[in-house]
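Engineer:
Residue numbers (the UniProt record's numbering): 1 to 630.
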């Protein structure tokens with residue numbers, strides 16, 4: 001038979017090849033974009049020497065010189081401030097917000113003087129104030145800030161003040177510096193707000209003899225709580241910077257925009273990680289350790305040097321906003337001296353910034369996801385610019401140990417943990433999360449608390465589902481099996497942990513699967529804990545009773561079933577005044593009747609149990625179970 005040529009087939013093949021090539025090009029583009037953005041993320045991080053902020057505040061922990069405060073028409077004012085001196089200041093002060101004619105309002109004892117109405121005559125004070133301005137604006141990224149005296153404000157017990165109005169602000173200033181002078185008072189907290197973030201500072205702590213300060217950008221909103229007693233005296237300075245003359249925008253807005261840009265990069269990176277679909281969605285940033293400060297022991301935020309601490313602080317803030325996990329880890333690398341041909345990168349000691357362990361280790365990472373300070377093949381065996389080195393050069397490989405920052409999209413955290421946790425870690429994680437939900441379940445803290453608990457339940461359910469999947473797929477070797485063998489002494493404890501976890505996670509099907517595996521191995525205390533969970537209406541009125549009944553039907557003896565049901569009821573408080581009307585007690589009675597109906601030849605132990613049942617429920621239950629017929 002002759003085959004006829006169909007040009008349409010060739011066109012279809014050509015179109016399919018074009019489509020496949022297009023998809024491959026898209027994947028390559030995503031991978032290239034991911035590489036670029038990973039480098040950009042850490043290039044920005046590399047340049048960070050200090051976390052930028054739009055406000056700073058706190059007590060001054062060193063002694064400041066005396067101010068030499070002198071009123072232009074009232075003489076010297078001593079500090080700490082006395083009530084007599086406060087009265088003298090009020091005679092020279094205008095009412096809050098007024099620009100002329102000093103006066104006092106008995107209902108609002110807040111008043112101010114401009115710089116023409118007083119002097120600070122001690123030269124040492126001006127030097128100290130200039131140094132304080134540099135310290136207070138160190139995180140503002142404004143260069144060397146200078147100050148110009150603006151005014152003096154006295155605040156006393158008053159009606160609530162909300163928005164602070166700067167008296168006589170200088171339009172050329174980028175911000176303000178407030179120095180609270182020794183003046184005993186109570187209340188008067190200062191609230192600084194920009195965007196959705198608010199910072200609060202209490203000025204009354206050690207206010208009689210101590211100084212404190214608050215510095216902020218001009219576009220920050222300042223609110224003052226009322227002074228409850230005493231008086232607060234503070235001096236105000238305008239803050240200037242040479243950068244403003246160069247056209248640099250010095251504002252909270254600029255700092256916020258910079259942070260938003262970094263958050264946007266993190267979010268884009270997170271999306272690309274999901275699209276590219278690497279086996280390990282991690283990226284690692286190597287911490288330079290020239291002094292080998294990190295050689296011994298685990299690493300945490302407190303052990304980081306100042307440079308890395310600032311980077312960690314900045315990165316943690318951005319990761320929280322961008323839903324990205326941020327961890328510390330030890331990285332072991334074996335690098336081919338000729339390049340990456342035989343390179344191996346393994347992570348261990350993965351932890352939170354506070355040192356809390358996340359994973360022990362044995363997590364391998366691709367070479368593309370290690371962001372280097374320098375090229376690995378430029379590093380020598382004894383190169384002191386990096387972390388701890390091994391003393392051997394083995395099979396053409398250099399061996400290095402470094403500490404790294406790790407980033408992971410929050411959306412992939414649970415899958416990553418489930419795949420890389422050891423059996424011990426997985427059991428411990430489930431136990432800790434179960435206990436956490438147990439302890440917080442009795443608290444009522446509003447909608448946000450409920451949302452948090454719901455998220456925790458979802459994560460617990462995810463881990464329980466992972467365990468069930470492991471069991472179903474029979475990935476059971478000596479080290480990594482979740483459930484020990486039924487004859488293992490640890491079987492009951494591990495089984496109980498899983499049963500309670502599925503119940504706390506509010507997962508009916510998982511609970512049914514877990515309890516069916518080991519009903520006869522659970523302790524009476526465990527069944528009592530299950531009974532406590534039935535005090536929750538969601539559990540009581542759900543399908544849990546049906547799943548539990550199926551598991552109980554597998555218990556071979558009447559006595560064992562009766563003991564289990566008694567244990568469940570002993571942990572249950574009940575929902576009605578009349579026990580006979582209680583849904584769980586009715587359910588327990590039905591299960592006892594079912595057990596009686598399936599009873600064969602009664603053993604000596606069964607006879608004792610029948611007597612106990614009769615004593616608790618009466619003779620009618622024996623008739624319902626047709627015991628007399630047997």
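C-beta atoms are modelled at their ideal positions from N, C-alpha and C, and glycine is treated no differently.
No experiment lies behind these values; they were computed from the predicted model shown.
With distances taken from CA atoms, which of 625, 307 and 589 is nearest residue 643?
Structural biologist: Look at the range of the chain in this structure, 1 to 630, and you will see that residue 643 is not part of it.
Engineer: Can the beta-carbon of residue 219 be found closer than 8 Å to that of residue 176?
Structural biologist: Against a cut-off of 8 Å, the Cβ pair of residue 176 and residue 219 comes out as no contact.
Engineer: Go to residue 602, then tell me how far its alpha helix (DSSP H) extends in each direction, as first and last residue.
Structural biologist: Neither: residue 602 is in no alpha helix (DSSP H) and is coded neither H nor E.
Engineer: If you follow the alpha helix (DSSP H) that residue 403 is part of, which residue opens it and which one closes it?
Structural biologist: Careful: residue 403 lies outside any alpha helix (DSSP H), inside the beta strand (DSSP E) at 397-409.
Engineer: From the DSSP secondary-structure annotation, give me the bridge partner or partners of residue 364.
Structural biologist: Residue 364 is bridged to 346.
Engineer: What whole-angstrom Cβ distance do residue 625 and residue 569 have, given they're in contact under 8 Å?
Structural biologist: In fact, because the Cβ distance is near 18 Å, the residues do not count as touching under 8 Å.
Engineer: Mapping the DSSP letters down to three states, classify residue 186 as helix, strand or coil.
Structural biologist: Note: residue 186 maps to strand in three-state DSSP.
Engineer: Examine the Cβ distances between the segment 212-227 and the segment 249-263 and report whether three or more of them are shorter than 8 Å.
Structural biologist: In short, these stretches touch, since the Cβ pair count reaches three.
Engineer: Touching or not, the segment 186-194 and the segment 138-151, by the rule of three or more beta carbon pairs under 8 Å?
Structural biologist: Flag = no, the segment 186-194 and the segment 138-151 do not touch.
Engineer: Would you mind reading off the limits of the beta strand (DSSP E) that contains residue 201?
Structural biologist: 197-201 is the extent of the beta strand (DSSP E) around residue 201.
Engineer: Taking residue 238 as part of the beta strand (DSSP E), name the residues at either end of that continuous run.
Structural biologist: Start and end: 232-240.
Engineer: Rounded to whole angstroms, how far is the Cβ of residue 300 from the Cβ of residue 353, which I believe are closer than 8 Å?
Structural biologist: Residue 300 to residue 353, Cβ: 7 Å. Contact.
Engineer: Provide the residue span of the beta strand (DSSP E) that contains residue 631, from first to last.
Structural biologist: As displayed, the chain neither begins before 1 nor continues past 630, which places residue 631 out of reach and without an answer.
Engineer: Compare the C-alpha of residue 557 against each of 48, 592 and 534 and name the closest.
Structural biologist: Closest by alpha carbon: 592.
Engineer: Does the distance from the CB of residue 335 to the CB of residue 400 come in under 8 Å?
Structural biologist: Result yes, Cβ atoms of residue 335 and residue 400 sit closer than 8 Å.
Engineer: Roughly how many whole angstroms lie between the Cα atoms of residue 456 and residue 466?
Structural biologist: Rounded to the nearest angstrom, the two C-alpha atoms are 15 Å apart.
Engineer: Name the DSSP beta bridge partners of residue 329, please?
Structural biologist: Looking at the DSSP assignment, residue 329 forms a beta bridge with 404.
Engineer: Rounded to the nearest angstrom, what separates residue 386 and residue 112 at their Cα positions?
Structural biologist: Here the model assigns residue 386 a pLDDT of 46, short of 50, so the residue's position is not dependable, and the following value carries that caveat. C-alpha separation (whole angstroms): 57 Å.
Engineer: Would you call residue 307 buried or exposed, if buried means 16 or more other Cβ atoms sit within 10 Å of its Cβ?
Structural biologist: Label assigned to residue 307: exposed.
Engineer: If you measure between the beta carbons of residue 117 and residue 158, is that distance less than 8 Å?
Structural biologist: Taking 8 Å as the Cβ cut-off, residue 117 and residue 158 do not qualify as a contacting pair.
Engineer: Please go through the same chain and pick out, in chain order, the residues whose beta-carbon is closer than 7 Å to the beta-carbon of residue 225, but skip the five residues on each side of it.
Structural biologist: Cβ neighbours of residue 225 beyond the five flanking positions: 187, 188 and 189.
Engineer: Am I right that residue 178 and residue 234 are in contact with their C-beta atoms under 8 Å? What's the rounded C-beta distance?
Structural biologist: Residue 178 to residue 234, Cβ: 5 Å. Contact.
Engineer: Taking DSSP's pairing of strands, which residues face residue 632 in a bridge?
Structural biologist: In the structure as shown, the chain begins at 1 and stops at 630. Residue 632 is therefore absent and cannot be evaluated.
Engineer: Is the number of C-beta pairs between the segment 39-47 and the segment 202-212 that are closer than 8 Å three or more?
Structural biologist: Verdict: no, contact absent.
Engineer: Starting from residue 70, follow the beta strand (DSSP E) in both directions and report where the run begins and ends.
Structural biologist: Counting along the chain, the beta strand (DSSP E) containing residue 70 begins and ends at 69-71.
Engineer: Beta-carbon within less than 6 Å of residue 155's beta-carbon, same chain only, minus the 5 sequence neighbours each way: which residues are those?
Structural biologist: Hits under 6 Å: 110, 227 and 232.
Engineer: In whole angstroms, what is the alpha-carbon distance linking residue 498 and residue 61?
Structural biologist: So the two alpha carbons sit approximately 52 Å from each other.
Engineer: Take the Cβ of residue 573 as the centre, count every other Cβ of all protein chains shown within 10 Å, and call the residue buried at 16 or more, exposed below.
Structural biologist: Per the 10 Å Cβ criterion, exposed.
Engineer: Would you mind sorting residue 311 into buried or exposed? The rule is 16 or more other CB atoms within 10 Å of its CB.
Structural biologist: Residue 311 should be labelled buried.
Engineer: Rounded to a whole number of angstroms, what is the C-alpha to C-alpha distance between residue 369 and residue 420?
Structural biologist: For residue 369 and residue 420, the distance between alpha carbons rounds to 18 Å.
Engineer: Buried or exposed for residue 507, please, with buried defined as at least 16 other CB atoms from any protein chain shown within 10 angstroms of its CB.
Structural biologist: Buried: at least 16 other Cβ atoms inside 10 Å.
Engineer: Taking buried to mean at least 16 other C-beta atoms within 10 Å of its own C-beta, is residue 318 buried or exposed?
Structural biologist: The residue in question, residue 318, is buried, as its Cβ has 16 or more Cβ neighbours within 10 Å.
Engineer: Let me know the secondary structure DSSP gives residue 544 once reduced to three states.
Structural biologist: Three-state result, residue 544: helix.
Engineer: Could you check where the beta strand (DSSP E) with residue 50 kicks off and where it finishes?
Structural biologist: Residue 50 -> no beta strand (DSSP E), and no H or E assigned at all.
Engineer: Quick check on residue 62: does DSSP put it in helix, strand or coil?
Structural biologist: Three-state DSSP puts residue 62 in coil, outside helix and strand.
Engineer: Alpha carbon to alpha carbon, how far is residue 397 from residue 322?
Structural biologist: About 38 Å.
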